[in-house]
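Worksheet: one structure, shown below.
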Amino acid sequence: MIWNQAESAPREAIEATQVARLRETARRVYAISPFYKKKFDELGVNPEAIKSVEDVQKLPFTKKQDLRDHYPFGLFCVPMSEVVRVHSSSGTTGKPTVVGYNAHDMEVWNEVMARVYTMSGTSAEDVVHNGYGYGLFTGGLGFHTGAEKIGAAVVPASGGFTDRQLMLMRDFGATVLACTPSFALHLAEVAAKAGNDFRKDYKLKTGIFGAEPTSKGLKEEVAKAWGIDYHEVYGLSEIIGPGVSCSCKHSDRLHIFEDHFLAEIIDPKTGEVLPEGERGELVITTLTKQALPIIRYRTGDITSIVKEPCACGRTHARMESIVGRADDMLIVNGVNVYPSQVEHVIANTEGVTLNYQIIADKKGHLDKLEILVEVSEDILVDNAGDMERIKKDIQASLLNNLYINAAVRLVEPNSIERSVGKAVRVVDKRRD
Ligand code: DLL
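Position in the sequence shown (from 1) plus 20 gives the number in my numbering.
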């Protein structure tokens, strides 16, 4: 089933909607946001110059740093009295990327989430077990209100507490599981260890997974372990949260809700737009958001887009599952981690140097993070009390500021592997 006819509109109609909404969005940001007015003026572009979808290429890019520079609400285009919800990007330091929604934006978000649910075969008959984290992260509440929109019963389980979650899934007869893919596999593993009978004890039929890069192998394992259909959802707070795109049952690629989001693929180095089908950085312009409209947002996510028709009947273009990042961001159990933010925490700790190494690995199916930090020459490793205190300080600071649960190991000066004299900052052992 398809939630909205807009998803199967002819290409010309999609593009006509996009041009009209793009021009309207450009007009609004130009009139309301001093930031965009300045950027448009610097490039000498006027919103009235937008006559085709390709004209988006005349507009300036927006970067994560722009949102940080205008922390917290500087890029909002409606008064705070109109804002009904605030979220932020996961895993951010003192100055997170803050996003806001007015009532209209909430409708848009619920609309795209209703499409996601429908694409995965979920309806009012279902019980959705929502294991995405509730809070500033958009995952929990995005999946929550979207489920309410389609009339499904949603169980707001949030993250963690594996045994309890399994009990709720069994007792409440969950038919749909929504959580990160790694958590879905972890749940399956714990259920198997506890001797649960997947066919008798659970009623799951489908799952909607996303928020972190996932290999094909892991997706297959999740689908097989639970005996369910696997649907992938993609999104980011800056654009809306979950619900930018989703995979249907006919393809591994994800349909982008093009009447709300205009997607381009660019060469991350030159900023030039690449032809259809080529891999590059995904750039998105919101077409209907009001509180925080964003022009040409550089997502940092590497993918490709094709427009050929899909067997499901939807005509919206499809993006490939994210294949990597254009920057050094890591995603650890769904939380975004920038090495620069870890560095910031270390720089604010006495007794250690800025030579550190982040090691991402798997423990079972969950990600685990270890951070090695070289101590200063003057703190000697034989002072066990100091060492323990410094280690705990860094761990607590990472957890409180960045929501990163990492094991910190203090090591001797000059012991971290160097590559051309520079400490190797990130070692990612999770890749297959
Ligand atoms: O992760 C929103 C979300 C919640 C998406 C629940 C899907 C499900 P942020 O915390 O702002 O928002 O992180 C956005 O997560 O730029 C990608 O790098 C990554 N990401 C999101 N979905 C996928 C996916 C949410 N399906 C960042 N595959 C994005 C790979 C993903 N990476």
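Beta carbons: idealized from backbone N, C-alpha and C, even for Gly. Note that the coordinates shown come from a computational prediction; the quantities given were computed from them, not determined experimentally.
Query	Result
Coarse secondary structure for residue 387, derived from DSSP in three states	strand
Buried/exposed call for residue 185, threshold 16 Cβ in 10 Å	buried
Three-state class that DSSP yields for residue 247 in the structure shown	coil
CB contact flag (residue 225, residue 195, <8 Å)	yes
Residue 138 versus residue 145 - alpha carbon distance	12 Å
Nearest-angstrom beta carbon gap, residue 296 and residue 327 [assumed within contact, 8 Å]	6 Å
Cβ contact check for the stretch 284–294 and the stretch 241–254: 3 or more pairs under 8 Å	no
Inter-residue Cα distance where the pair is residue 242 and residue 208	8 Å
Alpha-carbon to alpha-carbon, residue 444 and residue 436	8 Å
For residue 364, the first and last residue of its enclosing alpha helix (DSSP H)	359–367
The ligand DLL heavy atom lying under 7 Å from the CB of residue 180	no
Three-way DSSP call (helix, strand, coil) for residue 289 in this model	coil
Residue 240 versus residue 270 - alpha carbon distance	15 Å
Three-state class that DSSP yields for residue 414 in the structure shown	helix
Endpoints, alpha helix (DSSP H) assigned at residue 202	201–213
Straight-line Cα distance separating residue 216 from residue 266	30 Å
Nearest to residue 244 (by Cα), restricted to the options 218, 259, 257	218
With 16 other Cβ atoms within 10 Å as the buried cut-off, status of residue 25	exposed
For residue 427, the first and last residue of its enclosing beta strand (DSSP E)	426–431
Any non-hydrogen atom of the ligand DLL closer than 7 Å to residue 116 Cβ	no
C-beta contact flag for residue 399 and residue 352 at 8 Å	no
Residue 357 Cβ short of 7 Å to the ligand DLL heavy atom set	no
Those runs of the beta strand (DSSP E) which lie wholly inside the stretch 71–123 and span at least 3 residues	103–108, 118–122
Any non-hydrogen atom of the ligand MN closer than 7 Å to residue 240 Cβ	In the structure on display, the ligand MN does not appear, and the ligands it does have are the ligand DLL.
Contact between the stretch 44–57 and the stretch 358–368 (3+ Cβ pairs under 8 Å)	no
Helix, strand or coil at residue 34 [DSSP, three-state]	helix
Residue 151 to residue 257 span [Cα, whole Å]	18 Å
Residue 82: CB within 7 Å of a non-hydrogen atom of the ligand DLL	no
Near the ligand DLL: residue 341 beta-carbon under 7 Å from a heavy atom	yes
Cβ pair residue 262, residue 227 closer than 8 Å	no
Per DSSP, the bridge partner or partners of residue 281	306
Between the CA atoms of residue 429 and residue 23 - distance to the nearest angstrom	50 Å
Assumed close pair residue 276, residue 293 - CB separation to whole angstroms, cut-off 8 Å	16 Å between Cβ atoms; not a contact.
Other residues of its chain near residue 42: CB distance less than 8 Å, five sequence neighbours each side excluded	70, 73, 75, 76, 282, 305, 307
First through last residue of the alpha helix (DSSP H) which encompasses residue 226	Premise fails: residue 226 lies in the beta strand (DSSP E), 226–230, not in any alpha helix (DSSP H).
Whole-number beta carbon distance between residue 118 and residue 99, since they are thought to touch under 8 Å	Residue 99 to residue 118, Cβ: 16 Å. No contact.
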